[in-house]
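First the structure, in the form of structure tokens, and then the observations on it.
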Amino acid sequence: MGTPSVLWNITKKCFTVGVITLTVSDLFASIAPVRGASMSPTFNPKTNSLLDSLSDDRVLVEKLCLRNYKFSHGDVIVFSSPNNHKEKYIKRIVGLPGDWVGTIYDVVHIPEGHCWVEGDNSASSLDSRSFGPVPLGLVKGRVTHVLWPPHRVGSVDRKTSQNRVSNS
Amino acid sequence: MKQWRIIAKEAIARASIIGKFLCLLHVTDAYVLSSNHVVGPSMLPTLNITGDVVLVEHLSHRLGKLGSGDLVLVRSPLDPKKTLTKRIVAMEGDKVTFSLDPTRSHSSRSLVVPKGHVWIQGDNLYVSRDSRHFGPLPYGLIEGKVFMRVWPPSSFGFLGE
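These protein sequences, in sequence, are chains A and B. The end of the first sequence is residue 168 by the UniProt record's numbering, with every number in the run present. The end of the second sequence is residue 161 by the UniProt record's numbering, with every number in the run present.
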């Protein structure tokens, strides 16, 4: 008669741990892997096609910013792609609502409630230059620290390029 | 000393139960079912102007079971702190014809909803601010499907097509 109650206890423990993990990762912070070279050299500075998933960076994503959706220029954010909600991208905010952002072809005005995001490695990044401004409601968190690999553990800086953005 | 230790142990046990309960509450609220107060004229005559309390379920948009005609709760693309309640009119790849000003019928335009987006409109076309103003809505902004009204009690029941 001992086995069912042991099983039941294990199930209960797993469920509790799952619920707590989900809550913490929703409300406070979570850990996410960075795929691809679009944010190089900030994340994944050297990419080798072999061992890709092992050498991927792991970053800390904080969720407290989602309570009031306040962001500044140069923040690195996680958001779901406007074209495919299942995909998450990590990019840097270049423009906020009301800004004018210069691209190769023209100058774009960022509408209310949107932001302009770009990867640090502009040569291989799929970002606002291809899909336009991103609604802030799609933002899932802000990247604050690199956690893995060990020799690059540290906080992520805000980087801004003033000459590309003008606030009207 | 010993009795303090017992009291501390008891307090920690109680706090952990409350903590677990709050976590369970959050998960239920975010992933299964939540209630929402809807105010405004944009969904007349389906929802009242004075404010209805509706139940929102958060499963079908994750499973991809939404279709046109469903009432959805979405995060506003213009202000991420606000949520809107609208009806899906067309899914990705569908063609929609709309007019910004329904009082003048000849000013209509049509377009195809792009990949990963939906087209939402309020039931009251005259005052609703929806996809006709801000364009197709990314699917990722959908928060849940509105399926039942619980308040006022006189109109308690499921919200159909």
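Positions of the beta carbon are idealized from the N, C-alpha and C atoms, including for glycine.
Which residue wins for smallest C-alpha separation from residue i, given the options the options?
i: residue 161 of chain A; options: A/112, A/95, A/29, A/17; result: A/95
i: residue 43 of chain B; options: B/84, B/103, B/153; result: B/84
i: residue 98 of chain A; options: A/68, A/159, A/167; result: A/167
i: residue 89 of chain A; options: A/119, A/72, A/70, A/150; result: A/119
i: residue 59 of chain B; options: B/82, B/87, B/29, B/46; result: B/29
i: residue 154 of chain B; options: B/70, B/48, B/135; result: B/48
i: residue 110 of chain A; options: A/104, A/132, A/29; result: A/132
i: residue 93 of chain B; options: A/83, A/141, A/93; result: A/83
i: residue 63 of chain A; options: A/79, A/124, A/121, A/152; result: A/79
i: residue 76 of chain A; options: A/106, A/40, A/55; result: A/40
i: residue 104 of chain A; options: A/130, A/21, A/59; result: A/130
i: residue 139 of chain B; options: B/38, B/88, B/122; result: B/88
i: residue 117 of chain A; options: A/13, A/106, A/72; result: A/72
i: residue 92 of chain A; options: A/57, A/68, A/156, A/55; result: A/156
i: residue 97 of chain B; options: B/38, B/112, B/51; result: B/112
i: residue 101 of chain B; options: B/38, B/133, B/15, B/73; result: B/133
i: residue 81 of chain A; options: A/127, A/31, A/43; result: A/127
For chain B, is any of its Cβ atoms less than 8 Å away from the one on residue i?
i: residue 23 of chain A; result: yes
i: residue 16 of chain A; result: yes
i: residue 69 of chain A; result: yes
i: residue 26 of chain A; result: yes
i: residue 20 of chain A; result: yes
i: residue 82 of chain A; result: yes
i: residue 151 of chain A; result: no
i: residue 169 of chain A; result: It is not possible to answer for residue 169 of chain A, since the shown part of chain A is limited to 1 through 168.
I want to see whether chain A comes within less than 8 Å of residue i, judged by CB atoms only; does it?
i: residue 79 of chain B; result: yes
i: residue 27 of chain B; result: yes
i: residue 14 of chain B; result: no
i: residue 20 of chain B; result: yes
i: residue 76 of chain B; result: yes
Within the continuous alpha helix (DSSP H) that includes residue i, where are the two ends?
i: residue 202 of chain B; result: No information on residue 202 of chain B is available, as it lies outside the stretch 1 to 161 that chain B covers here.
i: residue 109 of chain B; result: Unbroken run through residue 109 of chain B is the beta strand (DSSP E), 108 to 112; no alpha helix (DSSP H).
i: residue 156 of chain B; result: No alpha helix (DSSP H) contains residue 156 of chain B, which DSSP labels as neither H nor E.
i: residue 62 of chain B; result: 60 to 63
i: residue 134 of chain B; result: 131 to 134
Measure the beta-carbon distance from residue i to residue j and round it to whole angstroms, keeping in mind my assumption that it falls under 8 Å.
i: residue 76 of chain B; j: residue 113 of chain A; result: 7 Å
i: residue 154 of chain A; j: residue 146 of chain A; result: 6 Å
i: residue 119 of chain B; j: residue 107 of chain B; result: Residue 119 of chain B to residue 107 of chain B, Cβ: 18 Å. No contact.
i: residue 135 of chain A; j: residue 80 of chain B; result: 7 Å
i: residue 57 of chain B; j: residue 33 of chain B; result: 5 Å
Terminal residues of the continuous beta strand (DSSP E) containing residue i?
i: residue 114 of chain A; result: 114 to 118
i: residue 60 of chain A; result: 58 to 62
i: residue 158 of chain A; result: Careful: residue 158 of chain A lies outside any beta strand (DSSP E) and carries neither H nor E.
i: residue 34 of chain B; result: 33 to 38
i: residue 79 of chain A; result: 76 to 80
Would you list, in chain order, the members of the UniProt domain "Peptidase S26" (109 to 148) of chain A that have their beta-carbon closer than 8 Å to a beta-carbon of chain B? 111, 112, 113, 114, 135, 136, 137, 138, 139
Output needed in chain order: residues of the segment 132 to 150 of chain B with a Cβ under 7 Å from some Cβ in chain A. 138, 139, 140, 141
Taking a Cβ distance cut-off of 7 Å, strictly less, list which residues of the segment 22 to 46 of chain B are near chain A, in chain order. 23, 24, 26, 27, 30
Can you give me, in chain order, the residues of the segment 100 to 130 of chain B that have a beta carbon less than 9 Å from any beta carbon in chain A? 114, 115, 116, 117
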